[in-house]
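The listed protein sequences derive, respectively, from chains W and R. The first sequence begins at 1 in the working numbering and counts up by one. The second sequence begins at 1 in the working numbering and counts up by one. Ideal placement from N, C-alpha and C gives every residue a C-beta, glycine not left out. Quantities reported herein were computed from a predicted structural model and do not represent experimental measurements. Contents: one structure, followed by commentary.
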Amino acid sequence: MSEMWINMGPQHPMTHGLWNLRVKIDGEMILDVDPELGYLHRGIEKISEDRHYNEIITLMDRCCYVAGIAWEHLYILAAEEALHIEPPERARFIRVLCEEMQRIASHIMWYAAFVQDVGLMTPFLYGMRDRDLVLDLFQSFTGGRLTYEYMRVGGVRNDLPSAFPAQCRKVLDWLMEKFREYDQLCLGSAIFHKRCDNLGVLKAGDCVDLGVTGPMLRSAGVRRDLRKDRPYAVYDQLEFDVAHAETSDVTGRYLVRMEELRQSVRIVRQVLDWLDRNPGPVLAANLPRWMGAPYAPVGREGYLLKRKYAKGVGLSAIEEPHGEAAAYVVNEGGEHPYRVKFRSPVLINISAAKNYLVGYRVADIPPIMGSVDICVGECDR
Amino acid sequence: MPTEDLATRLRAAAPETTATVEPLPGTDGRLRFPPDQALAVFRACQGVLGYRHLSMVGGIDWVDHREVFYLVWSDETRRYLMLSSDLPLPAPHIESATAVWPSANYHERETWEMVGIGFDHHPDLRHLLMPDGYQFNPLLRSFKLHEPEELEVKVRHV
């Protein structure tokens, strides 16, 4: 049969976002692939050069639409380092709480979308139902369900409501019970194994060479997790295990994410206990809670942009739900950052597509690309 | 790894380099090297020094030159190292790191189209996020975003 290129995307059930996977096929066999990106490029790095430090937080939520608050955390860590600001301890714990809750929401979203790629409809509905509970929790203290705008340079906007810990523990108990059901639905299904085992294999050495990070890397047996290896915020005070698998295939990535869900629940519980014992401020003194208009109101001395900060650079890296995300903020003493650079884990995981797709069949593309967990928002920025 | 130690080990691995190491918080340091020694520095960092993972590549448009930086990670010491090089205008270019870190491919494509830094011997240097044939480098300081007052679009009714 003759070879030909086909486009899977930009609108295709496989893509989960706006991007195009060009595939060279011979019959059913994949010979070559070429990801085509940029459909969702909004120039967030460029716009950031024209925004005050707090205003960039708004952009971060739009950066990744399933893990917005994790990107807020990433940016805030770099910005605070660049501006030489220390947040209160309680704010650090609340941020970790946010990041782990976001990881739960993001992984459940991934689960729901991925199992649908494999052909199972029921788990999709289960996943969306349970993700809503986490979003409800977010709504109770940020007011948002998708774009939160909750973190601030020097802390977070507001403390948690008094009813939050009890509600959160209730949801965590529910989720732990449901995670068992998730596994029964998938791992107990012969269809799931037929469609996922030994598929999309990317071995540890290739993962490291190609820069692949996150659950894809850990499913190949490399236990790199920035929360353990380079503890940021308060992760060094929390107990959790790094989820990993040895199979390097789609099933391995599923197992890693499911274990990460359980570990995230474990972390959130510890953080809730800590927050119960340690009340205190959540924002450093003299820093504004509000996001800010382009021009500061006269007389608002506490306004962040009215101050002059010493020059500095900030580098942060977090274990985002999709993998290793990094931010580099250059502060040249002005009101805006001189340069902001983000590393998107999804972009690099997609860049290795040739290495885990070639040699498989066209029908294998949805489960394999589904197991990568693609968020085009952060990929294109 | 202390910065002096890193400089010594780099000089032992690649004697011809004149790279210097300065401290950068939260990392092993920032290693500055002249652009013509790029490949030797990359090889030494990836090989003997053990920074196997390239995390990101980016460019900064300074007033009188452009800077390219690489963030690399070592699984052994579990630390980052930043490499950076100042490239002279008007045609800033540097050797591609793809021969040493294959993951540099997309990073360099992005840096090339956004900051206008050329990467010599890159296997596939074409647009990544921008459409093919795009003429500008959006992350240069000379590429202006609209001023707030200009955002007011005057609608002309026909």
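Nearest to residue i (by Cα), restricted to the options the options
| i | options | result |
| --- | --- | --- |
| glycine 29(R) | Trp73(R), Glu95(R), Val63(R), Ala14(R) | Trp73(R) |
| phenylalanine 179(W) | Leu255(W), Ser219(W), Tyr39(W), Lys341(W) | Leu255(W) |
| threonine 17(R) | Leu24(R), Pro34(R), Glu4(R), Pro25(R) | Pro34(R) |
| lysine 228(W) | Glu320(W), Ile108(W), Asp50(W) | Glu320(W) |
| proline 25(R) | Leu81(R), Gln135(R), Tyr134(R) | Leu81(R) |
| proline 337(W) | Gly47(R), Ile60(R), Val48(R), Trp112(R) | Ile60(R) |
| leucine 31(W) | Asn355(W), Pro366(W), Val376(W) | Asn355(W) |
| proline 102(R) | Asp75(R), Arg52(R), Arg66(R) | Arg52(R) |
| arginine 78(R) | Arg257(W), Ala310(W), Leu160(W), Pro231(W) | Pro231(W) |
| leucine 83(R) | Pro92(R), Arg9(R), Glu4(R), Gly58(R) | Gly58(R) |
| arginine 103(W) | Leu261(W), Val329(W), Gln116(W), Arg92(W) | Leu261(W) |
| valine 115(R) | Glu67(R), Gly50(R), Tyr106(R), Ala99(R) | Glu67(R) |
| valine 171(W) | Ala105(W), Phe114(W), Ala204(W), His52(W) | Ala105(W) |
| tyrosine 148(W) | Pro165(W), Tyr65(W), Ser189(W) | Tyr65(W) |
| valine 118(W) | Ala353(W), Asp173(W), Thr251(W) | Thr251(W) |
| glycine 323(W) | Glu378(W), Arg169(W), Gly17(W), Gly144(W) | Glu378(W) |
| leucine 160(W) | Gly214(W), Ala67(W), Val271(W) | Val271(W) |
Boundaries (first-last residue) of the beta strand (DSSP E) holding residue i
| i | result |
| --- | --- |
| histidine 16(W) | Neither: histidine 16(W) is in no beta strand (DSSP E) and is coded neither H nor E. |
| leucine 31(R) | 30 to 32 |
| aspartate 229(W) | Run containing aspartate 229(W): none in the beta strand (DSSP E); it sits in the alpha helix (DSSP H), 226 to 229. |
| glycine 323(W) | 323 to 331 |
| tryptophan 5(W) | 3 to 8 |
| tyrosine 26(W) | Correcting the residue identity first, residue 26(W) is aspartate in this sequence and not tyrosine. Segment 20 to 26, the beta strand (DSSP E) holding aspartate 26(W). |
| isoleucine 60(R) | 53 to 61 |
| threonine 20(R) | 20 to 22 |
| aspartate 50(W) | Neither: aspartate 50(W) is in no beta strand (DSSP E) and is coded neither H nor E. |
| glutamate 319(W) | 312 to 320 |
Assigned exposure category for residue i - 16 Cβ within 10 Å defines buried
| i | result |
| --- | --- |
| aspartate 209(W) | buried |
| glycine 334(W) | exposed |
| methionine 4(W) | exposed |
| glutamate 28(W) | exposed |
| threonine 142(W) | buried |
| histidine 65(R) | exposed |
| serine 371(W) | buried |
| histidine 121(R) | exposed |
| serine 55(R) | buried |
| aspartate 249(W) | buried |
| serine 162(W) | exposed |
| proline 294(W) | Residue confidence for proline 294(W) is low, a pLDDT of 46 falling below 50, so the modelled location carries little weight and cannot support an answer. |
| aspartate 225(W) | buried |
| phenylalanine 136(R) | exposed |
| isoleucine 267(W) | buried |
| alanine 12(R) | exposed |
| leucine 89(R) | exposed |
| threonine 20(R) | exposed |
| tryptophan 110(W) | buried |
| glycine 47(R) | exposed |
| proline 345(W) | buried |
| proline 92(R) | buried |
| glutamate 113(R) | buried |
| aspartate 173(W) | exposed |
| tyrosine 235(W) | buried |
| isoleucine 348(W) | buried |
| valine 313(W) | buried |
Through-space distance from residue j to residue i, alpha-carbon basis
| i | j | result |
| --- | --- | --- |
| glutamine 139(W) | leucine 146(W) | 9 angstroms |
| cysteine 98(W) | alanine 70(W) | 7 angstroms |
| arginine 382(W) | methionine 121(W) | Nothing about residue 382(W) can be reported from this structure: the residues present for chain W run from 1 to 381 only. |
| asparagine 20(W) | histidine 41(W) | 13 angstroms |
| aspartate 132(W) | tyrosine 126(W) | 10 angstroms |
| isoleucine 94(R) | glutamine 184(W) | 53 angstroms |
| phenylalanine 240(W) | valine 23(W) | 40 angstroms |
| isoleucine 191(W) | threonine 15(W) | 21 angstroms |
| alanine 78(W) | leucine 199(W) | 37 angstroms |
| aspartate 124(R) | glutamate 81(W) | 36 angstroms |
| histidine 12(W) | proline 281(W) | 48 angstroms |
| arginine 218(W) | valine 340(W) | 28 angstroms |
| leucine 238(W) | leucine 315(W) | 22 angstroms |
| leucine 74(W) | valine 33(W) | 31 angstroms |
| methionine 128(W) | isoleucine 108(W) | 7 angstroms |
The alpha helix (DSSP H) enclosing residue i, as first and last residue numbers
| i | result |
| --- | --- |
| valine 72(R) | Element bounds for valine 72(R): not the alpha helix (DSSP H) but the beta strand (DSSP E), 65 to 74. |
| serine 351(W) | 345 to 351 |
| glutamate 108(R) | 104 to 115 |
| leucine 125(W) | 122 to 142 |
| phenylalanine 164(W) | 164 to 187 |
With 8 angstroms as the C-beta to C-beta threshold (strictly closer), list the residues of the region 26 to 44 of chain W near chain R in chain order.
Leu37, Gly38, His41, Gly43
Identify each residue in the region 41 to 62 of chain R for which the Cβ-Cβ distance to at least one residue of chain W is less than 7 angstroms, and report them in chain order.
Arg52, His53, Leu54, Ser55, Met56, Gly58, Ile60
Which residues, in order along the region 333 to 358 of chain W, keep a beta-carbon less than 7 angstroms from a beta-carbon of chain R?
Arg339, Lys341, Arg343, Leu347, Ile348, Ser351
What residues from the region 2 to 23 of chain W come within 8 angstroms of chain R, judged by C-beta to C-beta, listed N to C?
none
Give, in chain order, every residue of the region 193 to 212 of chain W whose Cβ lies closer than 7 angstroms to some Cβ of chain R.
Val208, Asp209, Leu210, Gly211
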